[in-house]
Structure formats: C-alpha cells, structure tokens
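K.L.:
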C-alpha cells in the first residue's frame, strides 16, 4: 500500500524522498515557493553511485513509481499524511510559517522521523538521563518543539553525505557517501509497523537488477542514531575554522590523534547517558570514510 510522506526540507530531504518514491510511496517536499515550482515542473534529480560502478547515476523522480509534489509550508494539509520527515537545519524551524506547520503536525499526532544533525528536543526527552535536563539553550527556539509528544519522535542518523552542486538547479542532489539512515523506534508499535514497512519496501528496490544504496534501517535502541554525534563533532563541525573552511578529510586526518580524542570523548558522553558500545561506530571505521572522500 502506498503511504503518503511529508518531508520538511527539499535538499537533504530529497534523498530520503527519492528512496521512498523508488519504493512506490508518495512524497511531498516542503520548501520555498520558488523551489516548489521548480520541483513541480521538473521533478528532482538525485545522483548516487551503485556498488562497483565508477560513475554516479541520475535518478529522476519522474521515472519512479511513487508520486512527488512540493509545496510551501502554508499550503500543507497535514491530514493527507501518514508520516513526517524532518530534514531542515535546526534554525530553520524557528521561521514563522514552518513553526505554524509544526504546530499542525504536533496537534495531528503524526509520527515524525528526523534526519537533522541536531536531534529534535522531544527525541532527547525520550532518553531518561536527559528527560528533565535544561536543554532549551541548545536550540534556536526550543518552543517550536513544545507541543510534540516525545514518543511520536524518532531520530534517524543522517549518515549519508550529500550536497547540492553549486552550479546546478535547486532540484539536484549529489550523494557523496551512500551509507544508511539508522532510525530508532517509536513508542507506539503501530508506528513501528509503519517504519518497518518502509524499511522493507526500500530494501526491496532494485535498479537494473542491482541493489540501491542508502537503506532505512530500524533499531530498537534510542542510542544508535546518536552514534552520529561523534562523527559530527570530529569531522563536520571542525571544518569551520577562524580562517578558510576545511574538508572533512583534512579536519579528521590533519591531526588524527586529536580527532580520535574528540571522537572517543563524545562516545564516552553517549555511554554515560545510556548508550551501549554496540550502538556506536568505532573510530577506525569512521576515519576510513573521510580519508576516502
């Protein structure tokens, strides 16, 4: 059965959206009106490299079994959707029109899967050690999350690396590292059945008989998606310097022991919060990926 998925954010969100479209589900991308007009007229293009192939393939939404549309936030009717994906950067949710849409989503009690780098505040409230901790200052505007029930929020580790090429239209996304989205379960088993249904449908997709990377993997542990914390602090966030920005590769390998220290320190914090070492990714495995980029 085709599900209707609402995804806030048409850049990184188009990667998850394309995987859902390939599996036969319908997707609405929430974005600026100009971008929505482009997507509605031309669709999206996601470039991804299949295993053992030298070149990226372009996957066009117009060729996929699922239906894609795009809309500005004020034009969304939340009653149409089974699930919401959160794919914008955290500060963007403080925008008035986005905030109004979030209120509608929360009041409709729709299950939400976040692929944000910054975990939504309701998700952190599901972790016992963080449930009553003062965390509001970590957010641009923590009030945008106050209406959400924590059990309706899942976090999906944003492991796949993708970007919009600077010289391309806003409906094009290039996937540099096609790893998996790792999602934590919801509190309600009915929502978990939906999540696992999407997991199975995406896993079954083939392209010319070949497996297509970037799967959706569902885990019982709330801490599996938080393995991304160590990666972000070690690589992505250290790309920003007082001078010129660095690549992730240079940020990690410019001083590998300093990188190891940062990574293991953040891992240790996650373990103090309750993470099992099995939930985490060893530094050596992580470090190989930036070196290959």
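Numbering (the numbering used here), first residue to last: 1 to 293. The beta carbon of each residue, even a glycine, is placed where N, CA and C say it ideally should be. Note that the structure is a prediction, hence the values are computed from the model and not measured.
(1) Residue 35 by DSSP, collapsed to three states: which one?
(2) What residue range does the beta strand (DSSP E) around residue 47 cover?
(3) If we call anything under 8 Å between Cβ atoms a contact, is residue 215 one with residue 180?
(4) Roughly how many angstroms separate the alpha carbons of residue 364 and residue 195, rounded to a whole number?
(5) Ends of the alpha helix (DSSP H) at residue 217?
(6) Mapping DSSP to helix, strand and coil, what is residue 280?
(7) Could you check what DSSP says for residue 183 in three-state terms: helix, strand or coil?
(8) So is residue 114 buried or exposed if we call it buried at 16+ other beta carbons inside 10 Å?
(9) Need the endpoints of the beta strand (DSSP E) that residue 69 sits in, please.
(10) Whose CA, out of 55, 50, 24 and 60, lies closest to the CA of residue 40?
(11) Is DSSP giving residue 25 helix, strand or coil here?
(12) Going by DSSP, what residue range makes up the alpha helix (DSSP H) through residue 59?
(13) Would you please state the rounded distance, in angstroms, between the beta carbons of residue 160 and residue 50? I believe it to be under 8 Å.
(14) Which same chain residues end up closer than 6 Å to residue 35 when comparing Cβ atoms and leaving out the 5 residues on each side of it in sequence?
(15) Are there 16 or more other CB atoms within 10 angstroms of the CB of residue 231, so buried, or fewer, so exposed?
(16) So the alpha helix (DSSP H) residue 10 belongs to, where does it begin and stop?
(17) Cβ atoms of residue 183 and residue 156: under 8 Å apart, would you say?
(18) DSSP state of residue 17, grouped into three classes?
(19) From 238, 22 and 193, pick the residue whose C-alpha is nearest to that of residue 111; which is it?
(20) What is the DSSP secondary structure of residue 92, reduced to helix, strand or coil?
(21) Look up residue 84 in the DSSP assignment and say whether it is helix, strand or coil.
P.N.:
If we stick to the structure as given:
(1) helix
(2) 45–48
(3) yes
(4) Residue 364 cannot be examined here, being either before or after the span of the chain that is shown, 1 to 293.
(5) Element bounds for residue 217: not the alpha helix (DSSP H) but the beta strand (DSSP E), 216–219.
(6) coil
(7) strand
(8) buried
(9) 68–71
(10) 60
(11) coil
(12) Run containing residue 59: none in the alpha helix (DSSP H); it sits in the beta strand (DSSP E), 57–60.
(13) Actually they do not touch by this definition, with Cβ atoms about 14 Å apart.
(14) 10 and 170
(15) buried
(16) Looking at the DSSP string, residue 10 is not in any alpha helix (DSSP H), and its letter there is neither H nor E.
(17) yes
(18) helix
(19) 193
(20) helix
(21) strand
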